[in-house]
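Going down the list, the protein sequences come from chains A and D.
Count the first sequence with our numbering and you get residues 96 to 435, in order.
Count the second sequence with our numbering and you get residues 96 to 435, in order.
Glycine included, C-beta positions come from ideal geometry on N, C-alpha and C.
Quantities reported herein were computed from a predicted structural model and do not represent experimental measurements.
Reviewing the structure listed below.
Protein chains: 2
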Amino acid sequence: MAKRTVSIYDIAKLAGVSTATVSNVLNNKGSYSEKTRDLVMRIAREQGYVANFAAKSLREASTKTIALLTPDVSNDFFSTLVLKAEGLLRAAGYTSYICNTANDDEREAEYLRSLISKQVDGIVLIGGVTRDRIQLPVDVPVVHIDHMGALGMSREVYVGNDMPQVSYDMTAALFAHGCEHVALVSVSASLYRTAEHDQAAGYYRYLEEQGIRLDKNLVLEGPHRQTSLIEAAQLVDECLDAGYAFDGVVALGDRVALGVVNALKARGVTVGRDVRVIGMDDSIYSRISSPAISTVRRNTGQMAERGVEALLAMLQGNVPAQKSIVVPHEVIERATTLGE
Amino acid sequence: MAKRTVSIYDIAKLAGVSTATVSNVLNNKGSYSEKTRDLVMRIAREQGYVANFAAKSLREASTKTIALLTPDVSNDFFSTLVLKAEGLLRAAGYTSYICNTANDDEREAEYLRSLISKQVDGIVLIGGVTRDRIQLPVDVPVVHIDHMGALGMSREVYVGNDMPQVSYDMTAALFAHGCEHVALVSVSASLYRTAEHDQAAGYYRYLEEQGIRLDKNLVLEGPHRQTSLIEAAQLVDECLDAGYAFDGVVALGDRVALGVVNALKARGVTVGRDVRVIGMDDSIYSRISSPAISTVRRNTGQMAERGVEALLAMLQGNVPAQKSIVVPHEVIERATTLGE
DNA sequence: GCGTGTTAATTAACCGATTACGTAACCCTT
DNA sequence: AAGGGTTACGTAATCGGTTAATTAACACGC
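Written out as structure tokens, the structure is:
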């Protein structure tokens, strides 16, 4: 079990110098002669020396490690975000712990506890919801990327889109194409909706602004599951079976949109002509569909960049310029709204 | 920067006992009176004590951390495997580092170096290829799950399917449905093919065994990209444009199969009747497609289980019963081979 | 020859846990 | 009451790094 590795003591002994000198040489600090440097470097290489991170962390009270918590790495949108953030952090000399919370509060709390014990230098919460306010025993900087809920830390930054505006723009795009009865489909409403961050708010606001009567039968909401695809298809089937009709669908998520498209196709509806559909996230689901699904690009790349930027600033002890960073989004029109 | 946390010294002082006693109480070791235990526990709770993992790791030469390396977490198949393994490891008291190598040798080597420095207790390599033989300076147990290539460690275990048999069964399934000209589509051949692990080998073997002449024009291979979907569609288009014909397709991967199906549909071919297609992995791609794509379930759950099991055994110092563990696979027939 | 400054290197404390070892107190037995 | 065993702790070393404080050697100017 005890895998004896080479330590700086071993190298110091072999080189006939002190551990301080070895440490200095390996870290380009202090002063030492060229001869000593070459000697130490050579021996370190020969012995296959690798620094023990635990020792370093213990002494420096910094692990150079960041925790990335996300509800579902298998979701294209989140994994893109996570990977981008991980890459940026690695470039800055940080290692990332990627944690999958599955939107489970208990698991999230458990993760946070263990992460504090592991002395992570910072935390990035991605794309989920933190319902319970968790008080962490140390003051670690936290960045929320497309994430709702607070942790109650003194150093916290929020990065994300203006979600109400996103659904507003989606709705507007459908009406611009001449749709008159636009449905809203969502399979995560109860989970993701909070007072301040209502993903669907823009849909309601648009209707209100335009003086269009809201038809509650066209608001299709289901519980969030891994199978949001099938869930969404069922909602559409139930709605149509009940005799309600629509010519446009705002789907809060590409997976949901794909389910809607599949359900419509199965009923012989020509999507893009009879019914126009728009999804959200510009994920793989909207791109692989045929017809290709219109969507909203939410700029995961930029989110990750701004988030990591803010985190690194906080790690250097700076107070972030803004508490809340809004990243622009962009409607991408494809076959399901353009028709053809 | 220096976030002073509560240490056992603080607790010892407050409780008027030694650190040894505090440590014993917190770990249920040694002996102490009930009064002392309650006192120490109460103070620890009050002070929000969290053990410093770095200190523990340093002392115990074990980090209770396992590294999970995979080429692409955004790939459904791998992420399922990774998450399952992570869950099992967490249940056994281990934390996982999830690392995305993007099939980049250099990055993999960099990761391994840093992981050794971080003193991981074990390594799980998932679904990729390690081309260069990397010698690690410590003898850490390694498990390969659906992964090709060796690390040259003394404690290594391989877990995976019998891949040649998988492609054999795929090919056989198509011929069983009456196909006569079966194409092979792969967009990762050059990468994934090694002498021992030829994913396509079963295709060739089946043809040979049945005395069917191999038509090289029906072997479509492209370079591996993130866009394997589009890649695969292009290969199909090129083949058909060149005037070659087939009535069955063995696609090495569901993403590839989906590309093939999309390309065929775009040409007005009725998939499942005119041309039968079978994919591999039973991933989200085969399930969301319409028509649903026949595939091979490779049992990621069982792979993760057997792999973690073997790893835990090695971590306890046991020599694994088998060097190589084969997990059974299963052909799942759906609309693209059944027709309707 | 003497003070001053620079360079090269050492010594030893420190980070926060675990643990081998030592010891005092106490109980029980004969 | 002496001896043996158990219980309940305390002392101090240890893991492998970093670093403040210190020293020794040497060069330089006057």
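With DSSP as the reference, label residue i as helix, strand or coil.
{"i": "D/Gly188", "result": "coil"}
{"i": "D/Leu231", "result": "coil"}
{"i": "A/Asn195", "result": "strand"}
{"i": "D/Glu291", "result": "Residue confidence for D/Glu291 is low, a pLDDT of 45 falling below 50, so the modelled location carries little weight; the figure read from the coordinates is stated next. D/Glu291: coil per DSSP, three-state reduction."}
{"i": "A/Arg392", "result": "strand"}
{"i": "A/Val277", "result": "strand"}
{"i": "D/Met243", "result": "strand"}
{"i": "D/Thr225", "result": "coil"}
{"i": "D/Gly255", "result": "strand"}
{"i": "A/Ser249", "result": "coil"}
{"i": "A/Val414", "result": "coil"}
{"i": "A/Ala440", "result": "An answer regarding residue 440 of chain A cannot be provided, because it is not within the stretch 96 to 435 covered by chain A."}
{"i": "A/Ser285", "result": "Low per-residue confidence applies at A/Ser285: pLDDT is 47, beneath 50, and the placement is therefore not dependable, though the value from the model is reported in the following sentence. Residue state, collapsed to three classes: helix."}
{"i": "A/Ser419", "result": "strand"}
{"i": "D/Ala340", "result": "coil"}
{"i": "D/Gly431", "result": "It should be pointed out that residue 431 of chain D corresponds to Thr in this sequence rather than to Gly. DSSP places D/Thr431 in helix when its eight states are reduced to three."}
{"i": "A/Thr100", "result": "coil"}
{"i": "D/Thr266", "result": "helix"}
{"i": "D/Val168", "result": "coil"}
{"i": "A/Ala180", "result": "helix"}
{"i": "D/Val219", "result": "strand"}
From the beta carbon of residue i, is the nearest beta carbon of chain D less than 8 angstroms away?
{"i": "A/Ala146", "result": "yes"}
{"i": "A/Val117", "result": "no"}
{"i": "A/Glu181", "result": "yes"}
{"i": "A/Ser102", "result": "no"}
{"i": "A/Val168", "result": "yes"}
{"i": "A/Leu207", "result": "no"}
{"i": "A/Val112", "result": "no"}
{"i": "A/Leu353", "result": "yes"}
{"i": "A/Asp105", "result": "no"}
{"i": "A/Lys108", "result": "no"}
{"i": "A/Arg143", "result": "Checking the sequence shown, residue 143 of chain A turns out to be Gly, not Arg. So, interface residue."}
{"i": "A/Ile427", "result": "no"}
Thinking C-beta only, is residue j closer than 8 angstroms to residue i?
{"i": "A/Leu163", "j": "A/Ile193", "result": "yes"}
{"i": "D/Val120", "j": "D/Arg132", "result": "yes"}
{"i": "A/Leu315", "j": "A/Leu330", "result": "yes"}
{"i": "D/Val403", "j": "D/Ala204", "result": "no"}
{"i": "A/Leu184", "j": "A/Thr395", "result": "no"}
{"i": "D/Met398", "j": "D/Arg250", "result": "no"}
{"i": "A/Leu302", "j": "A/Leu309", "result": "yes"}
{"i": "A/Ile379", "j": "A/Asp171", "result": "yes"}
{"i": "A/Pro386", "j": "A/Ala430", "result": "yes"}
{"i": "A/Gly223", "j": "A/Ile240", "result": "no"}
{"i": "D/Leu406", "j": "D/Val238", "result": "yes"}
{"i": "D/Gln294", "j": "D/Ser262", "result": "yes"}
{"i": "D/Ala337", "j": "D/Val355", "result": "no"}
{"i": "D/Ile211", "j": "A/Val145", "result": "yes"}
{"i": "D/Pro259", "j": "D/Gly297", "result": "yes"}
{"i": "A/Leu246", "j": "A/Arg371", "result": "no"}
Assuming residue i contacts residue j (C-beta within less than 8 angstroms), just tell me the rounded distance between them.
{"i": "A/Thr72", "j": "D/Ala156", "result": "Given that chain A is displayed from residue 96 to residue 435, the structure contains no residue 72 of chain A and the question cannot be resolved."}
{"i": "A/Ser381", "j": "A/Asp349", "result": "4 angstroms"}
{"i": "D/Val219", "j": "D/Ile138", "result": "Actually they do not touch by this definition, with Cβ atoms about 39 angstroms apart."}
{"i": "A/Ile106", "j": "A/Tyr253", "result": "With 8 angstroms as the limit, A/Ile106 and A/Tyr253 do not qualify as a contact, their Cβ atoms being about 46 angstroms apart."}
{"i": "A/Val351", "j": "A/Val426", "result": "Actually they are not in contact, since the Cβ atoms of A/Val351 and A/Val426 sit about 17 angstroms apart, beyond 8 angstroms."}
{"i": "D/Arg393", "j": "D/Asp376", "result": "6 angstroms"}
{"i": "D/Val168", "j": "A/Leu178", "result": "7 angstroms"}
{"i": "D/Asp200", "j": "D/Asp227", "result": "6 angstroms"}
Within 8 angstroms (strictly less), CB to CB, does residue i reach chain A?
{"i": "D/Pro423", "result": "no"}
{"i": "D/Leu153", "result": "yes"}
{"i": "D/Pro232", "result": "yes"}
{"i": "D/Lys124", "result": "no"}
{"i": "D/Gln381", "result": "Gln is not the amino acid found at residue 381 of chain D; the sequence shown has Ser there. By this cut-off, D/Ser381 is not an interface position."}
{"i": "D/Asn195", "result": "yes"}
{"i": "D/Asp171", "result": "yes"}
{"i": "D/Gln329", "result": "no"}
{"i": "D/Tyr192", "result": "yes"}
query: Which full runs of the alpha helix (DSSP H) of 4+ residues lie inside the stretch 112–153 of chain D, going along the chain?
result: Within the stretch 112–153 of chain D, the runs of alpha helix (DSSP H) at least 4 residues long that lie entirely inside it are, in chain order, 114–122, 129–142.
- request: Can you check the stretch 345–409 of chain D for any alpha helix (DSSP H) of at least 4 residues that lies completely inside it and give the ranges in chain order?
  value: Listed in chain order, the alpha helix (DSSP H) runs fully inside the stretch 345–409 of chain D are 349–361, 379–383, counting runs of at least 4 residues.
query: Which runs of the beta strand (DSSP E), 3 residues or longer, sit entirely within the stretch 297–338 of chain D?
result: Entirely contained in the stretch 297–338 of chain D, the beta strand (DSSP E) runs reaching 3 residues are, in chain order, 314–316.
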